[in-house]
Each structure stands twice: as structure tokens, then as C-alpha cells.
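Chemist:
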Amino acid sequence: KQEVTQIPAALSVPEGENLVLNCSFTDSAIYNLQWFRQDPGKGLTSLLLIQSSQREQTSGRLNASLDKSSGRSTLYIAASQPGDSATYLCAVRPRDSNYQLIWGAGTKLIIKP
Amino acid sequence: GAGVSQSPSNKVTEKGKDVELRCDPISGHTALYWYRQSLGQGLEFLIYFQGNSAPDKSGLPSDRFSAERTGGSVSTLTIQRTQQEDSAVYLCASSLGGQGYGYTFGSGTRLTVV
Chain A
1 KQEVTQIPAA LSVPEGENLV LNCSFTDSAI YNLQWFRQDP GKGLTSLLLI QSSQREQTSG
61 RLNASLDKSS GRSTLYIAAS QPGDSATYLC AVRPRDSNYQ LIWGAGTKLI IKP
Chain B
114 GAGVSQSPSN KVTEKGKDVE LRCDPISGHT ALYWYRQSLG QGLEFLIYFQ GNSAPDKSGL
174 PSDRFSAERT GGSVSTLTIQ RTQQEDSAVY LCASSLGGQG YGYTFGSGTR LTVV
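Protein sequence lines correspond, in order, to chains A and B.
Read the first sequence against the working numbering and you will find it ends at 113, with the numbers running on by one and no gaps.
Read the second sequence against the working numbering and you will find it ends at 227, with the numbers running on by one and no gaps.
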């Protein structure tokens with residue numbers, strides 16, 4: 001059974017720092033992995049989608065990597081800003097399900113001005 | 114449309130009333146998903162549509178919950194005889210039909226049952 005873990009559960013860093021959020025999954029048989037952010041009381045915003053054949057994706061200050069064989073993904077945020085404060089969720093799409101995503105519990109990120 | 118649209122954004126209802134939540138997916142997205150998120154909790158899968166069919170309704174919490182999708186587009190989630198434990202943010206997402214595509218979420222409907 002696929003399980004997704006995100007560490008740390010919470011992270012607080014000063015503005016301007018580069019930081020890494022971690023996501024691990026137990027079964028490498030996935031179609032893709034997607035990173036989302038969620039602001040309090042809001043919906044989810046898709047940040048990056050990495051297909052199983054890809055190693056990384058970049059969007060602005062965000063870079064997500066995928067090491068399928070080791071069951072790990074990282075989300076790198078460069079030059080963090082207070083507006084980056086949110087909960088970051090990763091989700092994998094397993095090959096044994098044609099639609100379901102398996103979700104991590106999220107990392108709550110606070111960027112201190 | 115440009116994104117997934119959900120309405121209303123907020124709904125306060127009295128216990129025992131019925132409510133309807135609407136989701137308008139991205140044009141051309143054949144797959145549509147409903148999730149629920151209670152305060153401080155993770156995402157709870159409710160139902161999945163492929164076109165107008167719902168292959169998996171296993172996440173619906175009780176028979177008070179139902180959902181339909183018409184024309185392969187708009188979906189409505191109906192909760193009958195609402196209870197206080199139904200209070201949550203209801204999120205809708207859509208995607209293209211293949212396994213390689215990602216989800217796009219709407220902004221959600223915050224339901225409060227008083």
C-alpha cells in the first residue's frame with residue numbers, strides 16, 4: 001500500500017533563506033508526483049507536476065526533484081518570502097489506481113519577515 | 114473556463130437543511146473529483162467522475178451525500194439533512210483523463226452547519 005510522508009511537519013525560517021521540503025513515498029510504481037500549496041481556509045494551488053520519467057521541474061523560485069528509485073521528492077524554494085508562508089502538500093498518482101492521488105500530510109511553512 | 118470554479122464560496126446553513134455545492138471544471142477535463150477537508154485535517158476523497166459516470170462513490174460519508182455530473186461538465190454535490198459534522202471545506206478538482214495529468218483544484222466551498 002502506497003504511503004506518502006512529508007518531513008518536517010512544520011518549518012519556520014527567516015525571510016531570504018533557501019529551504020528544502022521533503023516528500024517520501026513507499027512504492028516507486030507511480031505515474032507522477034505533484035506539489036501543491038494551500039493557504040489557510042483556501043483551495044489547493046498546483047505548483048509543479050513531475051512525471052515518473054522526469055528528474056526535476058522548475059517554476060520561478062521553485063524547483064522540485066524526483067528520485068523514483070529511492071522514493072523521494074524535494075521541493076526547493078529559493079530566496080524565501082513571507083508570501084511563501086502556506087502548507088505545502090505532495091501527492092503521488094500510483095500506477096495501481098487510475099485516478100486516486102495518495103497525499104502526504106503536508107509541511108506548514110512560515111517565513112518570518 | 115480558465116480554472117475550476119466552485120460556488121458558493123461560503124455557505125452557512127441550518128442543521129437539517131439540504132445544500133447544493135457546484136463545481137465547474139476546466140473545459141475539456143473529463144475527470145472530476147470531490148474532496149472534503151475538515152478544520153485542521155487532511156483531504157478526504159469523496160467521489161470521482163469520468164465523464165458523467167461515477168466509477169467510485171466509496172468516499173461518500175453517508176447516504177445523505179450524493180453527486181451528479183451532467184454534460185461531462187458541471188457537477189453538483191448535494192448534502193441532505195445537513196449535520197454539524199458536515200461542516201468543512203468542500204474542494205473540487207479536475208484533470209484531463211489520462212493517468213499522466215495533474216489535478217487542478219478550485220478554491221473550495223466553506224460549509225458551516227449551525
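We put the beta carbon where it would ideally sit given N, CA and C, even for glycine.
1. Considering only their Cβ atoms, is the gap separating A:Val-20 from A:Tyr-76 smaller than 7 Å?
2. Would you say A:Ser-53 lies against chain B (beta-carbon separation less than 7 Å)?
3. Mind checking if A:Ala-10 is an interface residue toward chain B, Cβ cutoff 7 Å exclusive?
4. Thinking B:Phe-162 and B:Arg-182 are a contact (beta carbons under 8 Å), I'd like their distance in whole angstroms, please.
5. Specify, as a first and last residue, the run of the beta strand (DSSP E) that B:Val-227 falls within.
6. For the segment 66–80 of chain A, enumerate the residues whose C-beta is nearer than 7 Å to any C-beta of chain B, in chain order.
7. Listed from N- to C-terminal order along the chain, which residues in the segment 135–149 of chain B have their beta-carbon within a distance smaller than 8 Å of any beta-carbon of chain A?
8. What's the gap between the Cα of B:Glu-127 and the Cα of A:Lys-1?
9. Can A:Asn-22 and A:Thr-74 be called in contact, C-beta distance under 7 Å?
10. So, does the CB of A:Tyr-99 fall closer than 7 Å to a CB anywhere in chain B?
11. In its own chain, which residues sit with a C-beta less than 7 Å from the C-beta of A:Arg-55, not counting the 5 before and 5 after it?
12. Taking the beta carbon of B:Leu-152 as the centre, do at least 16 other beta carbons fall within 10 Å, making it buried, or is it exposed?
13. Quick check on B:Gln-212 - is its C-beta less than 7 Å from some C-beta in chain A?
Modeler: Based on what the coordinates show:
1. Locating residue 76 of chain A in the first sequence gives position 76, where the first residue counts as 1. Locating residue 20 of chain A in the first sequence gives position 20, where the first residue counts as 1. Cβ atoms of A:Tyr-76 and A:Val-20: closer than 7 Å.
2. To locate residue 53 of chain A, count along the first sequence from 1; it is residue 53. Judged by the 7 Å Cβ criterion, A:Ser-53 is not in contact with chain B.
3. Walking along the first sequence from the start, residue 10 of chain A turns up at place 10. No - not a single Cβ of chain B is within 7 Å of the one on A:Ala-10.
4. On the second sequence, position 49 is the one that residue 162 of chain B refers to. On the second sequence, position 69 is the one that residue 182 of chain B refers to. About 5 Å separates the CB atoms of B:Phe-162 and B:Arg-182; that is less than 8 Å, so the two are in contact.
5. To locate residue 227 of chain B, count along the second sequence from 1; it is residue 114. Element bounds for B:Val-227: n/a, residue is neither H nor E.
6. Within the segment 66–80 of chain A, not one residue has a Cβ closer than 7 Å to any Cβ of chain B.
7. Result list: Ala-144, Tyr-146.
8. Walking along the second sequence from the start, residue 127 of chain B turns up at place 14. Walking along the first sequence from the start, residue 1 of chain A turns up at place 1. For B:Glu-127 and A:Lys-1, the distance between alpha carbons rounds to 40 Å.
9. By one-based count along the first sequence, residue 22 of chain A stands at place 22. By one-based count along the first sequence, residue 74 of chain A stands at place 74. Yes, they are a contact pair.
10. As a position in the first sequence, residue 99 of chain A is number 99, starting the count at 1. For A:Tyr-99, the answer is yes, since a Cβ of chain B falls inside 7 Å of its Cβ.
11. Taking the first sequence and counting its residues from 1, one reaches residue 55 of chain A at position 55. Once the five neighbours on either side are set aside, the close Cβ partners of A:Arg-55 are Ser-65, Leu-66.
12. Translated into the one-based positions of the second sequence, residue 152 of chain B becomes position 39. So B:Leu-152 ends up on the exposed side.
13. In the second sequence, residue 212 of chain B corresponds to position 99, counting from 1. Using beta-carbon distances, B:Gln-212 counts as an interface residue toward chain A, with a partner under 7 Å.
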